[in-house]
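Here is the structure we will look at.
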Amino acid sequence: SAVISQKPSRDICQRGTSLTIQCQVDSQVTMMFWYRQQPGQSLTLIATANQGSEATYESGFVIDKFPISRPNLTFSTLTVSNMSPEDSSIYLCSVQWGPDTQYFGPGTRLTVL
Amino acid sequence: GDSVTQMEGPVTLSEEAFLTINCTYTATGYPSLFWYVQYPGEGLQLLLKATKADDKGSNKGFEATYRKETTSFHLEKGSVQVSDSAVYFCALTSGSRLTFGEGTQLTVNP
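Quick mapping for you: the protein sequence lines, in order, are chains Z and B.
So that you can map any letter, position 97 of the first sequence is 97 in the numbering used here, and since no number is skipped, the others follow by simple counting.
So that you can map any letter, position 5 of the second sequence is 5 in the numbering used here, and since no number is skipped, the others follow by simple counting.
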């Protein structure tokens with residue numbers, strides 16, 4: 001399995017600011033994913049990030065709000081831009097491991113005031 | 001499209017009780033099925049998986065059997081512990097897309 005770390009683990013931010021979340025994996029992987037988990041809810045896929053190509057965003061998520069970088073096979077970042085209290089969530093990255101399994105990072109707990 | 005339905009929660013049990021969390025799915029093709037667990041304040045951990053009909057996934061005393069005829073993947077444990085208190089998510093993959101159920105909050109009291 002893959003070992004995944006995220007930074008920061010939590011943050012409290014003011015509305016209108018931006019936060020960049022980092023995701024690091026201990027092995028090279030082709031596909032990485034970013035999810036949002038709103039309080040008490042299940043996970044919603046934000047986008048899929050493949051190295052060397054633009055991220056693919058799900059319906060309801062746009063690049064201007066959630067820009068993603070994928071500079072190499074072990075690292076990705078998600079930025080939450082121009083934040084509002086509605087962006088308060090847990091943000092999780094995951095990696096594709098084998099044909100059908102995803103492993104998740106520990107998450108970043110974001111509170112926007 | 002694909003979907004996963006979990007039993008309504010939350011579930012509260014006493015230590016050593018038997019646990020069942022129901023999960024049914026709708027999918028085209030032949031999905032792989034998963035249970036993930038999220039302990040308080042943590043990310044998701046893969047608990048177990050099954051990749052084809054009649055496969056049984058097991059880990060840490062938890063089991064689930066891939067039932068194609070009933071499109072189900074119910075999670076069971078014979079004797080729960082306080083440390084099993086967490087949110088449990090049933091999920092399936094079709095290709096690389098992972099579809100989650102709503103999650104079931106389990107609380108185990110001593």
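Every residue, glycine too, gets a C-beta built ideally from N, C-alpha and C.
Would you give the residue range spanned by the beta strand (DSSP E) that residue i belongs to?
| i | result |
| --- | --- |
| Z:GLN96 | 89-97 |
| B:VAL108 | 104-109 |
| B:ALA86 | 86-94 |
| Z:VAL3 | It is not in any beta strand (DSSP E) - Z:VAL3 carries neither H nor E in the DSSP assignment. |
| Z:THR108 | 108-112 |
| Z:ASP11 | 10-13 |
| Z:TYR103 | 101-104 |
| Z:ILE68 | 68-72 |
| B:THR5 | 3-6 |
| Z:PHE61 | First-last for Z:PHE61: undefined, no H or E at that position. |
| Z:SER42 | Z:SER42 -> no beta strand (DSSP E), and no H or E assigned at all. |
Residues of chain B with a CB under 7 Å from the CB of residue i: which are they?
| i | result |
| --- | --- |
| Z:MET31 | SER96 |
Tell me, please, which residues DSSP counts as bridged to residue i.
| i | result |
| --- | --- |
| B:LYS77 | B:LEU19 and B:PHE62 |
| Z:PHE33 | Z:THR48 and Z:SER94 |
| B:GLY57 | B:ALA64 |
| Z:ILE21 | Z:LEU78 |
| B:ALA50 | B:LEU33 |
| B:THR26 | B:SER3 |
| B:THR71 | B:THR71 is not bridged to any residue. |
| B:SER14 | B:ASN109 |
In chain Z, which residues lie less than 9 Å from residue i when you measure between Cβ atoms?
| i | result |
| --- | --- |
| B:SER32 | PRO99, ASP100 and THR101 |
| B:GLU102 | GLN41 and SER42 |
| B:PHE89 | SER42 and LEU43 |
| B:LEU75 | Within 9 Å Cβ-Cβ: nothing; B:LEU75 doesn't reach chain Z, min ~16 Å. |
Below 8 Å on C-beta distance, what does residue i contact in chain Z?
| i | result |
| --- | --- |
| B:THR51 | ASP100 |
If you drop the 5 nearest sequence neighbours on each side, which residues of the same chain put their C-beta closer than 6 Å to that of residue i?
| i | result |
| --- | --- |
| Z:SER152 | This structure gives no information on residue 152 of chain Z, because the portion of chain Z shown stretches from 1 to 113. |
| B:PRO10 | GLN105 |
| B:VAL37 | GLN45, LEU47, ALA86 and TYR88 |
| Z:ALA49 | MET32, ALA55, ILE68, ARG70 and SER76 |
Around the Cβ of residue i, are there at least 16 other Cβ atoms within 10 angstroms (buried) or fewer (exposed)?
| i | result |
| --- | --- |
| Z:VAL25 | buried |
| Z:GLN37 | buried |
| B:PHE18 | exposed |
| B:ALA50 | buried |
Measuring only between beta-carbons, confirm whether residue i sits less than 7 Å from chain D.
| i | result |
| --- | --- |
| B:LEU92 | Looking at the structure shown, chain D is missing, and the protein chains on hand are Z and B. |
Who are the neighbours of residue i on chain Z, taking C-beta pairs under 7 Å?
| i | result |
| --- | --- |
| B:GLY43 | LEU92, PHE104, GLY105, PRO106 and GLY107 |
Residues of chain B with CB closer than 8 Å to the CB of residue i, please, in chain order.
| i | result |
| --- | --- |
| Z:GLN96 | SER96 |
Please list, in chain order, all residues of the same chain as residue i whose beta carbon is under 7 Å from its beta carbon, the five residues on each side excluded.
| i | result |
| --- | --- |
| Z:ASP100 | none |
| B:VAL4 | CYS23, TYR25, CYS90, ALA91, LEU92, THR99, PHE100 and GLY101 |
| Z:GLN96 | VAL29, THR30, MET31 and GLN102 |
| B:SER58 | LEU48 |
Can you list, in chain order, the residues of its chain whose CB lies under 8 Å from that of residue i, leaving out five sequence neighbours each side?
| i | result |
| --- | --- |
| Z:ASP11 | LEU19, THR108, ARG109, LEU110 and THR111 |
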